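Q: Structure in C-alpha cells, see below.
Number of protein chains: 2
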Amino acid sequence: MRFGAIEAGGTKFVCSVGNSDGILEDRVQFPTERPEVTLAKVTEYFADKEIQAIGIGSFGPLELDASSPEYGHLTTTPKPGWSGYPLLPHLKRAFHVPFGLDTDVNAAAYGEAKWGAAQRLDSCIYITIGTGVGIGIYAEGRLVHGLVHPEGGHLFVRRHPEDGFPGTCPFHGDCLEGMASGPALEKRWGLPGGALPEDHPAWRMQAYYIGQAVADAILLLSPKKVILGGGVMKQAQLLPMVRQEVQRRLNGYVNAKAILEDIDEYVTAPGLGDDAGLLGALALGIDAWKDR
Amino acid sequence: MRFGAIEAGGTKFVCSVGNSDGILEDRVQFPTERPEVTLAKVTEYFADKEIQAIGIGSFGPLELDASSPEYGHLTTTPKPGWSGYPLLPHLKRAFHVPFGLDTDVNAAAYGEAKWGAAQRLDSCIYITIGTGVGIGIYAEGRLVHGLVHPEGGHLFVRRHPEDGFPGTCPFHGDCLEGMASGPALEKRWGLPGGALPEDHPAWRMQAYYIGQAVADAILLLSPKKVILGGGVMKQAQLLPMVRQEVQRRLNGYVNAKAILEDIDEYVTAPGLGDDAGLLGALALGIDAWKDR
Ligand SMILES: Nc1ncnc2c1ncn2[C@@H]1O[C@H](COP(=O)(O)OP(=O)(O)O)[C@@H](O)[C@H]1O
Ligand SMILES: Nc1ncnc2c1ncn2[C@@H]1O[C@H](COP(=O)(O)OP(=O)(O)O)[C@@H](O)[C@H]1O
Ligand SMILES: [Zn+2]
Ligand SMILES: [Zn+2]
C-alpha cells in the first residue's frame with residue numbers, strides 16, 4: 001500500500017510517496033508559486049501514483065477545525081494568492097482518497113514521534129528555526145490544535161542584554177521569531193547564518209533566545225523530547241549552546257534526569273533530518289486511511 | 293454512587309464527597325501539617341463515607357508516571373516532612389478503592405472542563421495566582437503530564453520597565469511566580485494584595501505579568517479557554533486589565549474571534565469559583581472508578 005505526503009511550505013513544496021513503514025520511495029520538489037500553479041504540479045505528481053490516502057503538513061495559519069466550513073483553508077497569510085486559499089478542498093476535488101492535514105511543525109513533531117527521535121514516546125515538541133520559527137506539539141499521544149493551532153514561534157522572549165536589534169516580526173518586533181529566525185539573524189549581523197563563522201557571537205545570542213523558548217516550553221508543557229530543526233540549526237555548534245542555556249535558565253528547577261543529566265538526548269536534532277515534516281505528512285496520510 | 297475528592301494543598305487540605313453530577317454533599321478543611329497528622333484526618337473523614345473511588349488534586353512536584361515505583365509520591369518539595377512522601381500509596385493502604393491523581397492545577401482545569409467555564413470544550417488552561425503560580429493544561433481532551441508535569445508558573449516573563457523588584461523565586465528570581473504570586477506582590481508593595489486599594493499601581497503591574505504569561509500560553513498551546521483563579525485574582529479589577537494586556541501583547545496576531553472580539557468570555561474567572569480544584573479531584577475519582 002502506498003500513501004502520498006505533501007510538505008507544503010511557504011518557500012517550497014515537497015511531494016512524496018511512501019509506505020506504512022515510513023519508507024519514502026520517490027519525491028519531487030518545486031518552489032511555492034501562486035496556488036493554482038503550485039497545486040497543478042502537486043496534482044500532476046500524484047496522478048499516476050495509486051495512493052490510498054494523502055497527508056499534508058502545511059504552512060499556515062490554517063483552519064484545522066474539522067467542523068468549520070473553512071476546514072483546510074489557509075487563513076491570513078501574507079503569501080500572495082494564498083490568503084484564504086482552500087488548499088484541502090482543492091486537493092479533495094482532485095483525489096478521492098482520505099486526507100490528513102496538520103501544520104508543518106505538527107507534522108514534523110508527529111514524524112519524529114513515529115519514526116524519529118521521539119519514537120515510543122507519547123509527547124515531544126518540534127521547533128524549527130528557519131525562515132520562520134514554529135513549534136509543533138505532540139502531547140499525551142495527540143497533536144495539539146485547540147482554538148486555532150499553536151503559534152509558539154512568537155513567544156515573548158527576554159531581550160539579550162547586549163542586543164539592540166529591534167526584531168523583524170511585523171506584529172511583535174522582538175518576539176522569538178523576530179529575534180531568532182534566519183532572516184532576523186541575517187538582518188542583525190549583515191550576513192546570512194550560513195556565511196557567519198562558527199565562533200561568531202551571533203551563535204551565543206541565537207542560543208540565548210532559542211534556549212529561553214525551549215525552557216519556557218519545557219515549563220509549560222513538560223515534553224518528553226525537544227527536537228530542534230530548520231536551516232539555522234544546521235550550525236552544529238548551536239545545539240550544545242542551546243542545551244547549556246536551557247539548563248542555565250531552568251537552574252535545576254525541573255527535577256528530571258532527562259534535563260539535569262541526559263540533556264544531550266533530551267534536546268536533540270531531528271532523528272529524520274530534513275524529512276521530519278514529510279514523514280509526518282506521510283504518517284497523517286496513513287492515519288487518515290486507517291480512520292477512513 | 294458517591295466519590296471522594298481531596299484537594300491537597302501546601303496550605304490546606306479539603307476533603308469532600310460528591311456524586312457523578314458534580315454535586316458536593318459535604319466537606320471538611322484543615323491546615324496542612326506534617327503528612328502523618330494531615331493524612332490521619334483525611335482517613336478519618338472518609339472512613340464512614342461509603343465512597344466508590346477517590347480523586348486527588350495535589351500540590352507538587354509529584355511523580356505522575358504510573359509505571360514508576362514512586363508513582364504518587366511527592367518529590368522535592370520544601371514543605372517540611374512532605375519531600376518524597378508517598379501520598380498515594382499511603383491512601384491506597386487505607387482505602388481499597390480506585391484512585392485518580394493529578395496536580396492541583398490540572399485537577400482545576402479538569403473540573404472547569406467537566407462542569408465549569410470550559411464545559412463541552414476539549415481544551416482549556418487553568419492558571420492560579422495564589423501563594424504560588426501554577427498552570428494546569430487540558431488539551432485535546434486530555435490532561436497533560438509529559439516528562440514530569442507542567443510547571444508553567446515559572447515562565448520567564450519580561451520585566452516591567454518600571455519594576456525594580458528582584459523577584460521571590462529561589463530558582464529563577466524574576467520568573468512569573470517570582471514576580472506575580474501573592475507573596476511577591478506583598479513583598480514588592482509592603483502590603484498583602486487584599487490590603488491594597490483597587491486603583492493601586494500594583495494591579496497594572498500584576499496584569500502586565502499575568503497577561504504576558506497568558507499570551508505566551510495562548511501562542512504555545514492555543515487553548516479554547518483560559519481560566520484565571522487563585523487568591524490574587526479575587527481583585528475584580530484585575531481580570532479586565534489582564535484581558536487588555538493579552539490583546540496588547542498578541543497585537544492581532546492570533547486571528548481568532550475568541551481573542552479579538554470575545555475575550556471577556558475567552559479569558560475568564562473559574563465557573564466553579566473556589567471549587568474548581570475540588571470538583572476536578574471528584575472528576576478524577578469518577579474516571580478512576582469508570583476505568584477500574
Ligand atoms: N547552514 C546554515 N547556517 C545558518 N543558517 C542557515 C543555514 N542554512 C540555512 N540557514 C538559514 O535558515 C533559513 C531557512 O530555513 P529552512 O528551514 O531551510 O527553510 P524554511 O524555514 O523556509 O522552510 C534562512 O534564513 C537561512 O539563512
Ligand atoms: N482579595 C485578595 N486580593 C489580593 N490578593 C489576595 C486576596 N486574597 C488572597 N490573596 C493573596 O493570595 C495568596 C493566597 O492564594 P490562594 O489561592 O488563596 O491560596 P493558595 O495559593 O495557598 O492555595 C496570598 O498571597 C494572598 O495574599
Ligand atoms: Zn511575533
Ligand atoms: Zn521560578
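Residue numbers (the numbering used here), protein chains in the order written: chain A, 1 to 292; chain B, 293 to 584.
Every residue gets a Cβ at the ideal spot worked out from N, C-alpha and C, and that includes glycine.
Quick caveat: nothing in here was measured; it's all calculated off a predicted structure.
1) Would you tell me roughly how many angstroms separate the C-alpha atoms of Val-14(A) and Thr-103(A), rounded to the nearest one?
2) Can you look up Ile-315(B) in the DSSP assignment and give me helix, strand or coil?
3) So what's Gly-193(A) in DSSP terms, helix, strand or just coil?
4) List the residues of chain A that Asp-396(B) touches, going by C-beta distances under 9 angstroms, in chain order.
5) Taking C-beta to C-beta, are Cys-461(B) and Gly-474(B) nearer than 7 angstroms?
6) When the Cα of Glu-432(B) is compared with those of Leu-64(A), Gly-72(A), Ala-108(A) and Val-97(A), which residue comes out closest?
7) Taking the straight line between their C-alpha atoms, what separation do you get for Glu-112(A) and Gly-280(A)?
8) What residues are listed by DSSP as bridge partners for Gly-305(B)?
9) Under a three-way DSSP split, which group does Asp-394(B) fall into?
10) Starting from Tyr-337(B) and walking both ways along the alpha helix (DSSP H), at which residues does that stretch end?
11) Under 7 angstroms, do Thr-11(A) and Thr-38(A) count as touching if we go by C-beta distance?
12) Residues in the same chain with beta-carbon distance under 6 angstroms from Leu-589(B), minus the five sequence neighbours each way, listed in chain order, please.
13) Please say whether Ile-427(B) and Gly-444(B) have beta carbons closer to each other than 7 angstroms?
14) Of all the CB atoms in chain A, is at least one closer than 7 angstroms to the CB of Arg-434(B)?
15) Exposed or buried, Thr-398(B), counting other C-beta atoms within 10 Å across all chains shown (16 or more means buried)?
16) Suppose you measure from the CA of Trp-581(B) to the CA of Val-334(B); what does that come to, to the nearest Å?
17) Here's a check: name, in chain order, each residue in its chain whose Cβ is nearer than 7 angstroms to the Cβ of Met-497(B), leaving out the five neighbours to either side.
18) With Ile-286(A) and Phe-59(A) assumed to form a contact (beta carbons below 8 angstroms), what rounded beta-carbon distance in angstroms separates them?
19) Taking CB distances under 7 angstroms as the criterion, tell me whether Tyr-545(B) reaches chain A.
20) Return the bridge partner residues of Ala-528(B) from the DSSP annotation.
21) Tell me which residues share the same chain as Gly-271(A) and place their Cβ nearer than 8 angstroms to its Cβ, disregarding the 5 neighbours each side in the sequence.
22) Please confirm whether Lys-257(A) has its beta-carbon closer than 7 angstroms to some beta-carbon of chain B.
23) Look up Ile-510(B) in the DSSP assignment and give the residues it is bridged to.
24) With respect to 6 angstroms, is the separation between the Cβ of His-441(B) and the closest non-hydrogen atom of ligand 3 below this value?
25) On a CA-only basis, which of Gly-569(B), Pro-515(B) and Pro-381(B) is nearest Ala-548(B)? Give me that one, please.
26) Closer than 7 angstroms by beta-carbon distance: list the chain A residues that pair up with Gly-438(B), in chain order.
27) Counting beta carbon pairs with one atom in the segment 412-425 of chain B and one in the segment 520-527 of chain B, are three or more of them shorter than 8 angstroms?
28) For the candidate residues Leu-238(A), Ile-51(A) and Leu-147(A), whose alpha-carbon lies nearest to that of Trp-203(A)?
29) Using only alpha-carbon positions, find the residue among Glu-198(A), Phe-156(A) and Leu-219(A) that is nearest to Tyr-253(A).
30) Does any heavy atom of ligand 3 sit closer than 6 angstroms to the C-beta of Gly-132(A)?
31) Answer yes or no: does any C-beta atom of chain B fall closer than 7 angstroms to that of Glu-300(A)?
32) For Glu-177(A), verify whether its CB is less than 6 angstroms away from any heavy atom of ligand 6.
33) Find the nearest neighbour of Asp-274(A) within the set Ala-109(A), Leu-62(A), Ser-83(A) and Thr-76(A), judged by alpha-carbon distance.
34) Output yes or no for whether 7 angstroms exceeds the beta carbon distance between Val-538(B) and Ala-507(B).
35) If you draw a straight line from the C-alpha of Ala-94(A) to the C-alpha of Leu-62(A), how long is it?
36) Would Gly-152(A) pass as an interface residue toward chain B - the criterion being a Cβ-Cβ separation below 7 angstroms?
A: In this structure, then:
1) If you take the alpha carbons of Val-14(A) and Thr-103(A), they lie about 14 angstroms apart.
2) Three-state DSSP puts Ile-315(B) in coil, outside helix and strand.
3) In the three-state DSSP reduction, Gly-193(A) falls in the helix class (H, G or I).
4) Within chain A, no residue comes near Asp-396(B); the closest Cβ sits about 15 angstroms away, beyond 9 angstroms.
5) Against a cut-off of 7 angstroms, the Cβ pair of Gly-474(B) and Cys-461(B) comes out as no contact.
6) It is Leu-64(A) whose Cα lies nearest to the Cα of Glu-432(B).
7) C-alpha of Glu-112(A) to C-alpha of Gly-280(A): approximately 7 angstroms in a straight line.
8) The residue you asked about is not Gly; residue 305(B) is Phe in the sequence shown. The partner list for Phe-305(B) (beta bridge, DSSP) reads Ala-300(B) and Phe-322(B).
9) It is a strand residue.
10) Counting along the chain, the unbroken alpha helix (DSSP H) around Tyr-337(B) starts and ends at 327-338.
11) No, the Cβ-Cβ distance between Thr-11(A) and Thr-38(A) is not below 7 angstroms.
12) Chain B is shown from 293 up to 584; residue 589(B) falls before or after that span and cannot be answered.
13) At a Cβ-Cβ threshold of 7 angstroms, Gly-444(B) and Ile-427(B) count as neighbours.
14) Yes, its Cβ sits closer than 7 angstroms to a Cβ of chain A.
15) The question names Thr, but residue 398(B) is Asn in the sequence shown. Residue environment for Asn-398(B): buried (at least 16 other C-beta atoms within 10 angstroms of its C-beta).
16) The straight-line gap from Cα to Cα measures roughly 19 angstroms.
17) His-452 and Asp-455.
18) With 8 angstroms as the limit, Ile-286(A) and Phe-59(A) do not qualify as a contact, their Cβ atoms being about 22 angstroms apart.
19) So yes, Tyr-545(B) belongs to the interface.
20) DSSP lists no partner for Ala-528(B).
21) Correct list, in chain order: Glu-112, Trp-115, Gly-116, Ala-117, Ala-118, Gln-119 and Ile-227.
22) Closer than 7 angstroms: no.
23) Residue pairing by DSSP places Ile-510(B) opposite no residue, since no beta bridge is assigned to it.
24) If you check the C-beta of His-441(B) against ligand 3, you find no heavy atom less than 6 angstroms away.
25) Of Gly-569(B), Pro-515(B) and Pro-381(B), the residue nearest in Cα terms is Pro-515(B).
26) Within chain A, the residues Ser-123, Ala-139, Leu-221, Ser-222, Pro-223 and Lys-224 have their CB atoms less than 7 angstroms from the CB of Gly-438(B), given in chain order.
27) Touching, yes.
28) Cα-wise, what sits closest to Trp-203(A) is Leu-238(A).
29) The residue among Glu-198(A), Phe-156(A) and Leu-219(A) with its C-alpha nearest the C-alpha of Tyr-253(A) is Leu-219(A).
30) No, since every heavy atom of ligand 3 falls outside the 6 angstroms radius drawn around the Cβ of Gly-132(A).
31) Residue 300(A) cannot be examined here, being either before or after the span of chain A that is shown, 1 to 292.
32) This structure simply doesn't include ligand 6; it includes ligand 1, ligand 2, ligand 3 and ligand 4 instead.
33) Ranking the options by Cα distance to Asp-274(A), first place goes to Ala-109(A).
34) Yes, the pair counts as a contact, with Cβ atoms nearer than the cut-off.
35) Straight-line Cα distance between these residues: approximately 20 angstroms.
36) For Gly-152(A), at least one C-beta of chain B is nearer than 7 angstroms to its own C-beta.
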